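Heads up: the sequence lines are chains A and B, in that order.
The first sequence begins at 1 in this note's numbering and counts up by one.
The second sequence begins at 1001 in this note's numbering and counts up by one.
Glycine is no exception: its CB is placed at the ideal position from the N, C-alpha and C atoms.
Because the structure is a prediction, the values reported are computed rather than measured.
Reviewing the structure listed below.
2 protein chains.
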Amino acid sequence: MSDKNIPLEDEQLAEMCKALGHPARIQILKHLLDEDRCICGRIVEIMPLAQSTVSQHLKLLKDAGLVQGEVEGPKTCYCVNREMLARLGLTINSLIPHTP
Amino acid sequence: MSDKNIPLEDEQLAEMCKALGHPARIQILKHLLDEDRCICGRIVEIMPLAQSTVSQHLKLLKDAGLVQGEVEGPKTCYCVNREMLARLGLTINSLIPHTP
DNA sequence: CTACTTAATCGTTGATCGACGATAGGCGAT
DNA sequence: ATCGCCTATCGTCGATCAACGATTAAGTAG
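Next comes the structure, spelled out in structure tokens:
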């Protein structure tokens, strides 16, 4: 419910798009969707990037609202905010007039 | 028709998102959608940016495949590639599983 | 041909990004 | 309390971005 279905403001739209504007972050997002939820270290294993770099990318995605991270002891478990992602898709589609 | 409905590759998706990852370019895109087609100078009038800056933004959008520009005498007329924009929205939506 | 309009390109500057290694902090286990 | 693991943050460096003014290129009108 809530504002799940209202389009994003330009600023927020831009921020989310910017967050997706890097191949590594798209891959990270896809992995997160595949595994449903997973730990930073797991992504580091899979991507050819340093831990600090992956952590940065995750922070960016989190700041944009596309993923959420919850601390579980010494680890941090990330998962995609599907609602936001859906809202992003919706917003882009709603830009086009006459879209059935 | 053709590949209108197949999702974008990660690289292309990232490039398009990057192109939309700036408020000015979102505004430009929206204006282009509103006016259907318009000239660079028209956008310069409306945006608080220098002509060279607007031209740069348009080039970025064009390189990403989101807008098309055709030369009309001394002017260049831009319009949104709605098919691509739709495909972008579709691609983002298709990321999410169980999306009705 | 000249003068004007329009847009793209060049060159510059400061800011931000993307990547890394190194460091620091939090938590669990020993 | 200490050790080890996991992650976030810091500092750095080169590359790219965003913005501008100035210049160039291409057409049109006179």
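**Item:** Interfacial residues, the segment 1003-1029 of chain B to chain A, with Cβ spacing under 9 Å
**Value:** Asp-1010, Glu-1011, Leu-1013, Ala-1014, Glu-1015, Met-1016, Cys-1017, Lys-1018, Ala-1019, Leu-1020, Gly-1021, His-1022, Pro-1023, Ala-1024, Arg-1025, Ile-1026, Gln-1027 and Leu-1029
**Item:** CB of Leu-32(A) within 8 Å of CB of Ile-1092(B), strictly
**Value:** no
**Option in Asp-1034(B), Leu-1058(B) and Asp-1036(B) with minimal Cα separation from Val-1044(B)** = Leu-1058(B)
**Request:** Measure the alpha-carbon distance for Glu-83(A) versus Asn-5(A) and round it to whole angstroms.
**Result:** 9 Å
**Message:** Quick check on the burial criterion: 16 or more other C-beta atoms within 10 angstroms. Buried or exposed for Val-80(A)?
**Reply:** buried
**Request:** Could you say if the segment 1015-1029 of chain B and the segment 64-71 of chain A meet the contact criterion of at least three C-beta pairs nearer than 8 Å?
**Result:** no
**Asked** Going by DSSP, which residues form a beta bridge with Gln-1068(B)?
**Response** Cys-1079(B)
**Request:** Would you verify that the beta carbon of Arg-1087(B) is, or is not, closer than 8 Å to some beta carbon of chain A?
**Result:** no
**Asked** Candidates Lys-62(A), Ala-24(A) and Ala-86(A): which alpha carbon is nearest Met-47(A)'s?
**Response** Ala-24(A)
**Request:** List the residues that DSSP assigns as beta-bridge partners of Arg-37(A).
**Result:** Cys-79(A)
**Asked** For Ser-94(A), which residues from the same chain have a beta carbon less than 6 Å from its beta carbon, with the 5 sequence-adjacent residues on both sides left out?
**Response** Pro-7
**Asked** Quick one: what's got a C-beta closer than 6 Å to Lys-75(A)'s C-beta in the same chain, skipping five residues either side?
**Response** Ile-39
**Prompt:** From Leu-1090(B) to Gly-41(A), what does the alpha carbon distance come to, in whole angstroms?
**Reply:** 31 Å
**Item:** Where the alpha helix (DSSP H) containing His-1057(B) begins and where it ends
**Value:** 1051-1063
**Message:** Taking the straight line between their C-alpha atoms, what separation do you get for Thr-53(A) and Ala-86(A)?
**Reply:** 26 Å
**Item:** Short Cβ contact (8 Å threshold) for Gln-27(A) with Asp-1010(B)
**Value:** yes
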